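Colleague: Got a structure for you, written out below as structure tokens; questions coming shortly.
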Amino acid sequence: MLRNTILFIIRFLVGGLFIFSGLIKVNDPVGTAIKLEEYFDVFSYDIAPFFEYFKAFALEIGVVMVVAEVVLGIMLILGVRLKFTVWALSLMILFFTFLTFYSAYFNKVTDCGCFGDAIKLTPWESFYKDIVLLILIAVLFIFRNKLESNEQGWAAWTVRVSLVLSVVLAITAIRNLPFIDFRAYKEGVNIPQAMQPSAPLEYSYIMTKDGQEFVFDQYPSDESYEFVDMKLKNEDALPKISDFAVWNEEGDFTAEILSGNKAVILVTYLSKINTSYLEAFDEMVAGLQSSNIEVVFVAASSEEEIQTFLAGRNWKITSYQADATVVKTIMRSNPGLMLLKEGSVLKKYHFRNTPSAETIKSLY
Numbered sequence: 001m002l003r004n005t006i007l008f009i010i011r012f013l014v015g016g017l018f019i020f021s022g023l024i025k026v027n028d029p030v031g032t033a034i035k036l037e038e039y040f041d042v043f044s045y046d047i048a049p050f051f052e053y054f055k056a057f058a059l060e061i062g063v064v065m066v067v068a069e070v071v072l073g074i075m076l077i078l079g080v081r082l083k084f085t086v087w088a089l090s091l092m093i094l095f096f097t098f099l100t101f102y103s104a105y106f107n108k109v110t111d112c113g114c115f116g117d118a119i120k121l122t123p124w125e126s127f128y129k130d131i132v133l134l135i136l137i138a139v140l141f142i143f144r145n146k147l148e149s150n151e152q153g154w155a156a157w158t159v160r161v162s163l164v165l166s167v168v169l170a171i172t173a174i175r176n177l178p179f180i181d182f183r184a185y186k187e188g189v190n191i192p193q194a195m196q197p198s199a200p201l202e203y204s205y206i207m208t209k210d211g212q213e214f215v216f217d218q219y220p221s222d223e224s225y226e227f228v229d230m231k232l233k234n235e236d237a238l239p240k241i242s243d244f245a246v247w248n249e250e251g252d253f254t255a256e257i258l259s260g261n262k263a264v265i266l267v268t269y270l271s272k273i274n275t276s277y278l279e280a281f282d283e284m285v286a287g288l289q290s291s292n293i294e295v296v297f298v299a300a301s302s303e304e305e306i307q308t309f310l311a312g313r314n315w316k317i318t319s320y321q322a323d324a325t326v327v328k329t330i331m332r333s334n335p336g337l338m339l340l341k342e343g344s345v346l347k348k349y350h351f352r353n354t355p356s357a358e359t360i361k362s363l364y
């Protein structure tokens with residue numbers, strides 16, 4: 001029957017998109033938690049103060065959300081408990097549509113994180129994507145009583161296994177680092193090169209004259225034209241990294257940290273640093289003191305906090321400050337370790353996997 005064929009196609013498309021989106025975020029639940037914290041921050045100011053309390057549970061909420069995306073997508077395609085699945089997906093897409101509309105209309109969170117760091121969408125692109133999904137799920141909702149659930153045992157067991165695997169993968173990614181790094185600072189990237197345009201930037205210039213609008217590829221020398229706006233024509237040539245910088249009380253040291261051999265200890269907020277594995281860092285710092293690898297400490301904290309922490313650990317190393325968003329983008333671990341060679345990212349380590357000084361030396 002034509003209706004059943006159309007409904008199955010819709011189920012396959014919606015389910016596949018939810019599985020794809022969920023798996024990308026299961027790969028990096030910490031990134032999802034960071035994005036949720038941004039939303040909770042905005043909502044606590046714009047809607048109600050109680051949203052501030054959700055920030056403490058952003059990681060747990062993120063794990064539930066991304067696992068639910070994967071499992072519900074599989075349930076929809078396999079036809080397991082379809083009425084429940086359609087209800088759950090309807091509520092989820094309404095929530096997502098609200099988030100993306102809020103981001104787009106009020107320009108509050110400029111990246112919804114719909115597909116993690118793998119696929120970047122503008123706020124309005126994210127909203128339009130959710131509108132299409134909302135329409136497709138609405139069709140399933142209207143015909144939910146016509147959908148026949150798959151009662152076969154293998155389908156139910158597939159859902160159970162996918163649930164367990166998704167949770168295990170999410171926890172593993174949290175306790176280590178993302179399995180696949182989609183960020184601009186992934187291993188192998190040369191940061192100085194990524195900070196430069198991949199090609200000369202080209203602009204078009206919008207001008208007016210005598211009430212008419214004109215567009216030029218070169219800025220006109222005729223002073224009778226009035227400038228209105230300029231637009232970048234090759235956005236894909238923009239630098240992949242535009243916000244990397246480190247500094248201290250003596251000035252900017254971005255160029256210095258991107259030269260030579262560096263073992264960079266990265267910390268978001270010192271007040272939230274995990275102290276359980278710092279002994280491994282102590283041994284690493286001591287073991288690299290007489291090598292050609294300089295250990296550098298970078299934190300999104302005040303100079304006073306940084307110096308107090310370093311004195312407490314007896315780390316006599318160079319320290320810099322950095323923006324918290326940049327540190328979180330580079331490293332999904334607090335603290336974490338990034339090895340640089342002339343600005344190229346050699347390796348990144350979660351604090352649970354801190355390498356020995358000898359291992360680090362063998363990489364250079």
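Residue 248 in the UniProt record's numbering sits at position 248 of the sequence shown, and the numbers go up by one each step. We put the CB at the ideal spot given by N, CA and C, even for glycine. Given the structure is predicted, the values throughout are model-derived calculations rather than measurements.
In whole angstroms, what separates the C-alpha of S221 from that of V14?
Modeller: Mapped onto the sequence shown, residue 221 falls at position 221. Mapped onto the sequence shown, residue 14 falls at position 14. Distance between the alpha carbons of S221 and V14 is about 53 angstroms.
Colleague: Should the segment 289-304 be regarded as contacting the segment 321-331, the criterion being three or more beta carbon pairs within less than 8 angstroms?
Modeller: yes
Colleague: Are the Cβ atoms of T32 and V86 separated by less than 9 angstroms?
Modeller: Within the sequence shown, residue 32 is the residue found at index 32, counting from 1. Within the sequence shown, residue 86 is the residue found at index 86, counting from 1. Not closer than 9 angstroms, so no.
Colleague: Which stretch, first to last residue, makes up the alpha helix (DSSP H) that contains G336?
Modeller: Numbered from 1 along the sequence shown, position 336 holds the residue referred to as residue 336. Taken as a continuous stretch (DSSP letters only), G336 belongs to no alpha helix (DSSP H), being part of the beta strand (DSSP E) at 336-341.
Colleague: Hey, how far is the Cα of A280 from the Cα of G312?
Modeller: Counting from 1 along the sequence shown, the entry for residue 280 is found at position 280. Counting from 1 along the sequence shown, the entry for residue 312 is found at position 312. One C-alpha to the other measures close to 15 angstroms.
Colleague: Please name the residue or residues paired with Q212 in a DSSP beta bridge.
Modeller: Here residue 212 corresponds to residue number 212 of the sequence shown, with the count starting at 1. In DSSP, Q212 forms a bridge with K209.
Colleague: Flag this pair as yes or no: are the beta carbons of V63 and N190 separated by less than 9 angstroms?
Modeller: In the sequence shown, residue 63 corresponds to position 63, counting from 1. In the sequence shown, residue 190 corresponds to position 190, counting from 1. The answer is no: Cβ separation not under 9 angstroms.
Colleague: Tell me, to the nearest whole angstrom, how far the beta carbon of residue 365 is from that of P123; I am working on the premise that it is less than 8 angstroms.
Modeller: Not covered by the structure: residue 365. The range shown for the chain is 1 to 364.
Colleague: Give a yes or no on whether the C-beta atoms belonging to L340 and F309 are separated by under 9 angstroms.
Modeller: In the sequence shown, counting from the first residue as 1, residue 340 sits at position 340. In the sequence shown, counting from the first residue as 1, residue 309 sits at position 309. No, they are not a contact pair.
Colleague: In chain order, what are the residue ranges of uninterrupted alpha helix (DSSP H) at least 4 long that sit wholly in the segment 237-314?
Modeller: Whole alpha helix (DSSP H) segments, 4+ residues: 254-257, 278-287, 303-313.
Colleague: Could you give the residue range of the beta strand (DSSP E) that holds S319?
Modeller: By 1-based counting over the sequence shown, the position of residue 319 is 319. Segment 318-321, the beta strand (DSSP E) holding S319.
Colleague: Between the Cα of S276 and the Cα atoms of G336, E250, F244, which residue gives the shortest distance?
Modeller: One-based indexing of the sequence shown puts residue 276 at position 276. With distances taken between Cα atoms, S276 lies closest to G336.
Colleague: Figure out for me which residue from S166, I135, D236 has the closest Cα to the Cα of L91.
Modeller: One-based indexing of the sequence shown puts residue 91 at position 91. For the residues S166, I135, D236, the minimum Cα distance to L91 belongs to I135.
Colleague: Return yes when the Cβ of V71 is within less than 9 angstroms of the Cβ of S162, no when it is not.
Modeller: Here the question's residue 162 lines up with position 162 in the sequence shown. Here the question's residue 71 lines up with position 71 in the sequence shown. Yes, the pair counts as a contact, with Cβ atoms nearer than the cut-off.
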